[in-house]
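Chain order of the listed sequences is F and L.
Quick note: to get our numbering, add 58 to the position in the first sequence (first position is 1).
Quick note: to get our numbering, add 130 to the position in the second sequence (first position is 1).
A virtual CB, placed ideally from N, CA and C, is assigned to each residue, including glycine.
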Amino acid sequence: MLQLKMKKQEEKLSEKMYDLVIIGGGPAGLTAGIYAGRARLKTLIIEEMIAGGQSATTELLENYPGFKDGVGGVELAMIMEEQAKKFNTEVIYDRVVSASLLGETKEVHLASSTIKAKAVIIASGAVPRKLKADGAEKFHGKGISYCATCDGALFRDKRIVIVGAGNSAIEEGIFMQRFTKDITFVQDLPYLTAEKILQERIKSYPETKFYLGTVIKKVNGSDKVESVTANISKENKEIEIPADGVFVYIGYTPKADFVSKEINLDSQGYIITDENLKTNIDGVFAAGDVRVKEFRQVVTAASDGAIAAHSVEKYLENK
Amino acid sequence: MAVVKVYSTPTCPWCVRAKQYLASKNIPYTDINVAVDRNAAMEMVKKSGQQGVPVIEIDGNIIVGFDQARIDSLLGIA
Numbered sequence: 059m060l061q062l063k064m065k066k067q068e069e070k071l072s073e074k075m076y077d078l079v080i081i082g083g084g085p086a087g088l089t090a091g092i093y094a095g096r097a098r099l100k101t102l103i104i105e106e107m108i109a110g111g112q113s114a115t116t117e118l119l120e121n122y123p124g125f126k127d128g129v130g131g132v133e134l135a136m137i138m139e140e141q142a143k144k145f146n147t148e149v150i151y152d153r154v155v156s157a158s159l160l161g162e163t164k165e166v167h168l169a170s171s172t173i174k175a176k177a178v179i180i181a182s183g184a185v186p187r188k189l190k191a192d193g194a195e196k197f198h199g200k201g202i203s204y205c206a207t208c209d210g211a212l213f214r215d216k217r218i219v220i221v222g223a224g225n226s227a228i229e230e231g232i233f234m235q236r237f238t239k240d241i242t243f244v245q246d247l248p249y250l251t252a253e254k255i256l257q258e259r260i261k262s263y264p265e266t267k268f269y270l271g272t273v274i275k276k277v278n279g280s281d282k283v284e285s286v287t288a289n290i291s292k293e294n295k296e297i298e299i300p301a302d303g304v305f306v307y308i309g310y311t312p313k314a315d316f317v318s319k320e321i322n323l324d325s326q327g328y329i330i331t332d333e334n335l336k337t338n339i340d341g342v343f344a345a346g347d348v349r350v351k352e353f354r355q356v357v358t359a360a361s362d363g364a365i366a367a368h369s370v371e372k373y374l375e376n377k
Numbered sequence: 131m132a133v134v135k136v137y138s139t140p141t142c143p144w145c146v147r148a149k150q151y152l153a154s155k156n157i158p159y160t161d162i163n164v165a166v167d168r169n170a171a172m173e174m175v176k177k178s179g180q181q182g183v184p185v186i187e188i189d190g191n192i193i194v195g196f197d198q199a200r201i202d203s204l205l206g207i208a
């Protein structure tokens with residue numbers, strides 16, 4: 059019975075022609091969904107994992123305007139999703155395998171169906187950059203993690219190394235204090251790059267250590283992580299830091315590989331757009347972390363979403 | 131009826147997703163919070179050979195992470 063019902067749903071999807079398909083349900087995609095819905099565009103958001111994307115892994119967002127006591131990442135995402143649905147934007151959870159974007163009618167290919175639309179906004183975001191060190195792959199899940207809010211609890215009273223010293227790294231270091239005080243930051247630059255307020259907070263924990271201008275070369279252990287070997291660049295000295303867990307926060311890489319052949323990307327793989335968020339392809343726009351931009355935040359992603367939806371509306375009016 | 135356990139932490143979005151998915155398919159499961167239950171945390175690490183959440187156990191079979199295809203196949207859903 060269940061099988062039959064699901065097949066019918068798939069058929070319905072591919073029979074429909076949407077005005078707009080938004081690839082990605084993070085803050086950029088969801089905001090685009092709100093604006094497109096209010097513009098009475100027939101809109102579908104396709105999200106592969108969870109509403110909010112990267113922002114859903116943040117326990118508390120303190121710099122998103124409108125929430126002076128902060129708002130949970132997951133909570134904010136759920137509100138945005140409900141808001142988009144309120145204006146009749148549809149949301150489905152599935153993975154986009156590829157997209158044919160050059161024609162007048164755009165086709166977005168899922169594993170078992172194809173969705174057609176007159177316009178597409180790519181808001182697929184970015185994924186955490188992986189640690190480049192010996193043992194990084196071997197110990198993934200066995201001490202190395204890219205999400206402290208997910209896995210941090212498994213390291214209660216253990217020794218933790220956090221790689222990176224930007225906002226994410228410092229936020230997670232603050233988050234981890236509830237589980238363990240043995241926290242060491244290893245940062246390749248000679249200074250912290252996080253917001254000043256976060257720097258103040260992390261420095262208030264006396265047991266937290268910092269190795270700046272230091273690069274991790276090797277992750278060591280037998281079945282799980284036992285230590286990391288790092289090079290202090292200026293002194294050309296190698297040290298071994300005992301650790302049970304390594305949390306990596308060294309930036310992100312864009313998720314644009316499913317469209318790369320047709321779309322203009324910069325040298326790092328981010329999608330190039332003009333100020334109206336239009337890509338080199340007519341009817342295709344990009345919003346949020348996946349596009350070339352200086353400053354990636356939830357609020358700038360949301361702003362992109364609104365602008366992209368507006369650009370789609372103008373594009374469709376002129377068709 | 132399959133016996134389903136989800137080892138999770140309260141701040142893990144993929145755990146939220148996995149539980150949402152099971153609920154959407156009307157599959158009853160036991161939610162085990164490894165952030166507060168240390169014995170359960172150790173049990174999870176032993177069963178899955180790793181320290182990431184979620185770990186989903188379906189009739190004794192272990193799935194690490196929200197792997198929808200595997201969940202579907204173990205539950206006999208299309």
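Grab me the residues of I255 of chain F's own chain with a C-beta within less than 8 Å of its C-beta, minus the 5 sequence neighbours each way, in chain order.
Hits under 8 Å: none found.
Let me check understanding here. Comparing Cα to Cα, which of F:A86, F:M75, F:K74 lies closest to F343 of chain F?
Out of F:A86, F:M75, F:K74, F:A86 has the C-alpha closest to the C-alpha of F343 of chain F.
Nearest to S361 of chain F by alpha carbon, out of F:M75, F:I92, F:D77?
Here the closest residue by C-alpha is F:I92.
Roughly how far, in whole angstroms, is the beta-carbon of I81 of chain F from the beta-carbon of V154 of chain F, given that I think they are within contact range, below 8 Å?
Yes, I81 of chain F and V154 of chain F are in contact; Cβ-Cβ is about 5 Å, under 8 Å.
Which same chain residues, not among the five before or five after V356 of chain F, have their C-beta less than 7 Å away from its C-beta?
Counting only Cβ-Cβ distances below 7 Å, and skipping sequence neighbours, we find P85, S113, L119, Y122.
Would you give the residue range spanned by the alpha helix (DSSP H) that E375 of chain F belongs to?
356 to 375 is the span of the alpha helix (DSSP H), which, as asked, contains E375 of chain F.
Give every residue of the same chain whose Cβ lies closer than 6 Å to the Cβ of L168 of chain F, excluding the five residues on either side of it in the sequence, and list them in chain order.
So the qualifying residues of the chain are D152.
At the 7 Å Cβ level, is P143 of chain L part of the contact set with chain F, yes or no?
Taking Cβ atoms only, chain F reaches closer than 7 Å to P143 of chain L, which makes this a yes.
In chain F, what lies closer than 9 Å to Q168 of chain L by C-beta?
Contrary to the premise, residue 168 of chain L reads as Arg rather than Gln in this sequence. Neighbours of R168 of chain L on chain F, chain order: R214.
Between L323 of chain F and S138 of chain L, what straight-line distance do the alpha-carbon atoms span, to the nearest angstrom?
Going by the C-alpha atoms only, they are around 38 Å apart.
If the criterion is Cβ atoms closer than 7 Å, does the pair V149 of chain F and K164 of chain F meet it?
The answer is no: Cβ separation not under 7 Å.
Give the range of the alpha helix (DSSP H) segment to which D161 of chain L is assigned.
Counting along the chain, D161 of chain L falls outside any alpha helix (DSSP H), though it belongs to the beta strand (DSSP E) covering 160 to 163.
Should Y269 of chain F go down as buried or exposed, given a rule of 16 or more other Cβ atoms within 10 Å for buried?
Buried is the call here.
With DSSP as the reference, please indicate the residues paired to I103 of chain F in a beta bridge.
In DSSP, I103 of chain F forms a bridge with F:I80, F:V149.
Flag this pair as yes or no: are the beta carbons of V273 of chain F and I173 of chain F separated by less than 7 Å?
Contact: no.
G346 of chain F by DSSP, collapsed to three states: which one?
Helix.
Compare the beta carbon distance of V219 of chain F and A94 of chain F with 7 Å and say whether it is the shorter of the two.
No.
Between which two residues does the beta strand (DSSP E) harbouring T387 of chain F extend?
Look at the range of chain F in this structure, 59 to 377, and you will see that residue 387 of chain F is not part of it.
Answer yes or no: does any C-beta atom of chain L fall closer than 7 Å to that of E133 of chain F?
With 7 Å as the cut-off, E133 of chain F does not count as an interface residue toward chain L.
Which whole runs of the alpha helix (DSSP H) in the region 120 to 200 of chain F are 4 residues long or more, in chain order?
Entirely contained in the region 120 to 200 of chain F, the alpha helix (DSSP H) runs reaching 4 residues are, in chain order, 131 to 144.
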